[in-house]
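Protein chains: 2
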Amino acid sequence: MTSPSSQTGVNAGNHARSIPVVEDELASVGYNSDGLVPAIVQDVETGAVLMMAWMNGETLRLSLQEGRTVFWSRSRQEVWRKGETSGERQWIEEAAYDCDGDTLLFKVRQDGDGACHTGKYSCFYRSFGSI
Amino acid sequence: MTSPSSQTGVNAGNHARSIPVVEDELASVGYNSDGLVPAIVQDVETGAVLMMAWMNGETLRLSLQEGRTVFWSRSRQEVWRKGETSGERQWIEEAAYDCDGDTLLFKVRQDGDGACHTGKYSCFYRSFGSI
Numbered sequence: 001m002t003s004p005s006s007q008t009g010v011n012a013g014n015h016a017r018s019i020p021v022v023e024d025e026l027a028s029v030g031y032n033s034d035g036l037v038p039a040i041v042q043d044v045e046t047g048a049v050l051m052m053a054w055m056n057g058e059t060l061r062l063s064l065q066e067g068r069t070v071f072w073s074r075s076r077q078e079v080w081r082k083g084e085t086s087g088e089r090q091w092i093e094e095a096a097y098d099c100d101g102d103t104l105l106f107k108v109r110q111d112g113d114g115a116c117h118t119g120k121y122s123c124f125y126r127s128f129g130s131i
Numbered sequence: 001m002t003s004p005s006s007q008t009g010v011n012a013g014n015h016a017r018s019i020p021v022v023e024d025e026l027a028s029v030g031y032n033s034d035g036l037v038p039a040i041v042q043d044v045e046t047g048a049v050l051m052m053a054w055m056n057g058e059t060l061r062l063s064l065q066e067g068r069t070v071f072w073s074r075s076r077q078e079v080w081r082k083g084e085t086s087g088e089r090q091w092i093e094e095a096a097y098d099c100d101g102d103t104l105l106f107k108v109r110q111d112g113d114g115a116c117h118t119g120k121y122s123c124f125y126r127s128f129g130s131i
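Protein sequences appear in the order of chains W and G. This note's numbering puts the last residue of the first sequence at 131; the count rises by one with no breaks. This note's numbering puts the last residue of the second sequence at 131; the count rises by one with no breaks.
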């Protein structure tokens, strides 16, 4: 990262630092019929795509405010602070939204061994055609 | 890439090479109520996340067979061979599915200037808190 953290919302260390909440930016995000938007999580150090989960308007705002990923659990229908129990928290360095405003990308520093509930580093550990 | 291409479905150059279609693997993929699964596309050279789009069972199979990304256009409700008109094709080096089988990840070599219809390299060119 070469950009000054004060300008870009870069999180310098493994602790929470909020990203400025700009209402115009939040208003650019579109949600599906369930009120959710897919959020891709990438390891800012390795570049690996770790996981994809879902946010609603509330958890996107919480993610920016708390400087860590907060998702909406579709299975439990509740706010899901990633790593709250496992310790595998994700500290946000950069947060972006795409051209259509219907997908989010979070570059994070990953705590613990990885992002996947299976214990793997990345959820994408299975390749097609790998037999 | 250090893995032998014959074993991992790695595409050595900027031309199509299919990835073996394994029915057991395809059967591990789950689709939403519209019959779609989100597909993340990552530049295998730079590690940048380029875009996210949607596939159905047919276009996932076509992607593997043709060795390039083929999506389902939700707006046009038709098969969308990425770059067919723009030339910004994406040649698949690796294709993976996540722990839950409900998200795909494609590592590609990107033709042209980039992946975004705006002309940008990546669709994720807008950061939160960047004012």
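We put the beta carbon where it would ideally sit given N, CA and C, even for glycine.
Sub-8 Å separation of residue i and residue j beta-carbons
i, j, result
"Ser122/G", "Leu64/G", "no"
"Val41/G", "Leu105/W", "no"
"Gly35/G", "Gly101/G", "no"
"Asp98/W", "Met55/G", "no"
"Gly83/W", "Asp111/W", "yes"
"Arg109/G", "Glu93/G", "yes"
"Thr107/W", "Gly114/W", "Looking at the sequence provided, one finds Lys at residue 107/W rather than Thr. For Lys107/W and Gly114/W, no; Cβs fall outside 8 Å."
"Phe124/G", "Val22/W", "no"
"Trp72/G", "His15/G", "no"
Residue range of the alpha helix (DSSP H) that includes residue i
i, result
"Ser63/G", "Gly57 to Glu66"
"Arg84/W", "Arg is not the amino acid found at residue 84/W; the sequence shown has Glu there. Glu84/W -> no alpha helix (DSSP H), and no H or E assigned at all."
"Asp24/W", "Glu23 to Leu26"
Proximal chain A residues relative to residue i, where beta-carbon distance stays under 8 Å
i, result
"Ala96/W", "No chain A appears in the structure shown, which is made up of the protein chains W and G."
Residue i: first and last residue of the uninterrupted beta strand (DSSP E) it sits in
i, result
"Gln77/G", "No beta strand (DSSP E) contains Gln77/G, which DSSP labels as neither H nor E."
"Lys107/W", "Leu104 to Gln110"
"Ala115/W", "Counting along the chain, Ala115/W falls outside any beta strand (DSSP E), and DSSP gives it neither H nor E."
"Asp43/G", "Val37 to Asp43"
"Ile19/G", "Segment: none, Ile19/G is in no beta strand (DSSP E) and carries neither H nor E."
"Tyr97/W", "Gln90 to Tyr97"
Cutoff 6 Å; reference residue i; Cβ partners in own chain excluding five residues on either side
i, result
"Gly13/W", "For Gly13/W, the predicted structure reports a pLDDT of 49, less than 50, and the residue's modelled location is therefore unreliable. A value from the coordinates is still provided. Answer for Gly13/W: no residue qualifies."
"Gly9/W", "Caution is warranted here: a pLDDT of 40 is assigned to Gly9/W, below 50, making its placement in the model unreliable, and the coordinate value is therefore given only provisionally. Cβ neighbours of Gly9/W beyond the five flanking positions: Ile19."
"Ala96/G", "Leu105"
"Gln7/G", "Residue placement at Gln7/G cannot be trusted, given a pLDDT of 37 that sits under 50; the coordinates are not used to answer."
"Glu88/W", "Asp111 and Gly112"
"Glu181/G", "Residue 181/G is absent from the structure shown; chain G starts at 1 and stops at 131."
"Val70/W", "Thr59, Leu62, Ser63 and Arg81"
Own chain, CB closer than 8 Å to residue i, minus 5 neighbours either side, in chain order
i, result
"Val37/G", "Val29, Gly30, Tyr31, Trp54, Met55, Asn56, Leu60, Asp102, Thr103 and Leu104"
Own chain partners of residue i with C-beta closer than 7 Å, once the 5 adjacent residues on each side are dropped
i, result
"Arg74/G", "Trp54"
Return the residues of the segment 115-130 of chain G that lie within a Cβ-Cβ distance of less than 8 Å from chain W, sorted by chain order.
Cβ contacts with chain W: Cys116, His117, Thr118, Lys120, Cys123, Phe124, Tyr125, Arg126, Ser127, Phe128, Gly129 and Ser130.
At a Cβ cut of 7 Å, what residues of the segment 59-79 of chain W count as close to chain G, listed as they run along the chain?
For the segment 59-79 of chain W, the beta-carbon criterion of a distance under 7 Å to any beta-carbon of chain G is satisfied by Leu64.
When Cβ atoms are compared, which residues of the segment 12-26 of chain W fall closer than 7 Å to chain G?
Listed by position, the residues of the segment 12-26 of chain W near chain G (Cβ gap below 7 Å) are Ile19, Pro20, Val22 and Glu25.
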